[in-house]
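Q: Sharing a structure here in structure tokens format.
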Amino acid sequence: MKRLAGLVVFLALAGLWEAVSRLGLVSALYFPPVSTIAAMFWKLTVSGLLPGQAGQTLGRAMAGLGLATLGMAPLGLAMGVSRRMAALLTPTVELLRPVPPPAVIPAAMLVLGIGAGMKIFVVFFACSFPILIGAADGARDIAPGFRLTAAAYGCSRVATLFGVVLPAAGPGVAAGFRAAVPMALIVAVLSEMIGATSGIGHYILRMQRTFAIPEMYAGVAMLGLMGLGVNAAVGLGLGRLLRWRQGWKGGMDV
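Its first residue numbered 264, the sequence shown is counted upward by one per residue in the numbering used here.
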């Protein structure tokens, strides 16, 4: 019912945009009718242009996100279970965490150029801290009784890590990962707008600069659909992984 209501609101806003543009209440050059944008979106999608550009962006975003997950989730778990590790790394984390990802792009361009490596690195930087903090908080918030029970049964540290710490910290890791997913897409698009020759971000900016406005909005629509699809896929995947934890939603639903 909520989804149906949301769809009705979306269609109402689209109809309002169409009417305002058709009636000449706004400039049709900057705000073309939704029907014109939809027709252009269909044309560019069928031709393969928009899916190709979006695919490059998605690949860069997922590569950076994957590297951040592989590197920062174990590090966060280590910080959560070891006070010594937390004391060692917390100053560096707190120094780098407030740095906005766009501020890293110029330095990354100097070192890595404007290729895919630069964009993947910037996405990695942006996604690292939500995943790191989520994993650390998840491991730190484990009830002491879990570890005591494992110790009482004579479990080794390795067995306790894989049998107790990882499952119990799973929701925290998953919440950090899900918070990083939209950030990965945002930063990937932004890095393409600043320095790139391909990708949906570069395409949208190029269309804006050449006043190909319907094409620009079609690119924005493709980006929105891509984000919607990725978020749905991640939510479904995490829901299956954490199906043992009743009611877990990842903290992203409204």
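We put the beta carbon where it would ideally sit given N, CA and C, even for glycine.
1) Among V297, V272, L453 and A275, which one has its Cα closest to the Cα of S284?
2) Which word fits L267, buried or exposed, when buried means at least 16 other C-beta atoms lie within 10 angstroms of its C-beta?
3) Looking at C-beta atoms only, is the number of pairs between the region 291-309 and the region 473-483 that lie closer than 8 Å three or more?
4) In whole angstroms, what separates the C-alpha of G510 from that of L491?
5) On the CB-based measure, 16 or more other CB atoms within 10 Å of its CB, does S454 come out buried or exposed?
6) With H, G and I counted as helix, E and B as strand and the rest as coil, what does DSSP make of R266?
7) Which stretch, first to last residue, makes up the alpha helix (DSSP H) that contains T473?
8) Can you tell me the Cα-Cα spacing of G462 and T355, whole angstroms?
9) Excluding sequence positions up to five away, which residues of its chain have a Cβ less than 7 Å from the Cβ of E281?
10) How many Å lie between L276 and V483 at the Cα?
A: Inspection of the coordinates gives the following:
1) Within the sequence shown, numbered from 1, the residue matching residue 284 stands at position 21. For the residues V297, V272, L453 and A275, the minimum Cα distance to S284 belongs to V297.
2) Within the sequence shown, residue 267 is the residue found at index 4, counting from 1. Its Cβ having fewer than 16 others within 10 Å, L267 is exposed.
3) The answer is yes - the region 473-483 touches the region 291-309, with three or more Cβ pairs under 8 Å.
4) Taking the sequence shown and counting its residues from 1, one reaches residue 510 at position 247. Taking the sequence shown and counting its residues from 1, one reaches residue 491 at position 228. Bear in mind that the predicted position of G510 carries a pLDDT of just 48, short of 50, making it too unreliable to give a figure here.
5) Here residue 454 corresponds to residue number 191 of the sequence shown, with the count starting at 1. It counts as buried.
6) Your numbering for residue 266 matches position 3 in the sequence shown. In this structure, R266 counts as helix in the three-state DSSP scheme.
7) Counting from 1 along the sequence shown, the entry for residue 473 is found at position 210. Taken as a continuous stretch (DSSP letters only), T473 belongs to no alpha helix (DSSP H), as it is neither H nor E.
8) Locating residue 462 in the sequence shown gives position 199, where the first residue counts as 1. Locating residue 355 in the sequence shown gives position 92, where the first residue counts as 1. Computed Cα separation, rounded: 33 Å.
9) On the sequence shown, position 18 is the one that residue 281 refers to. Excluding residues within five positions, the ones whose Cβ falls inside 7 Å are P296, V297 and S298.
10) The residue labelled residue 276 in the question sits at position 13 within the sequence shown. The residue labelled residue 483 in the question sits at position 220 within the sequence shown. Roughly 16 Å between the two C-alpha positions.
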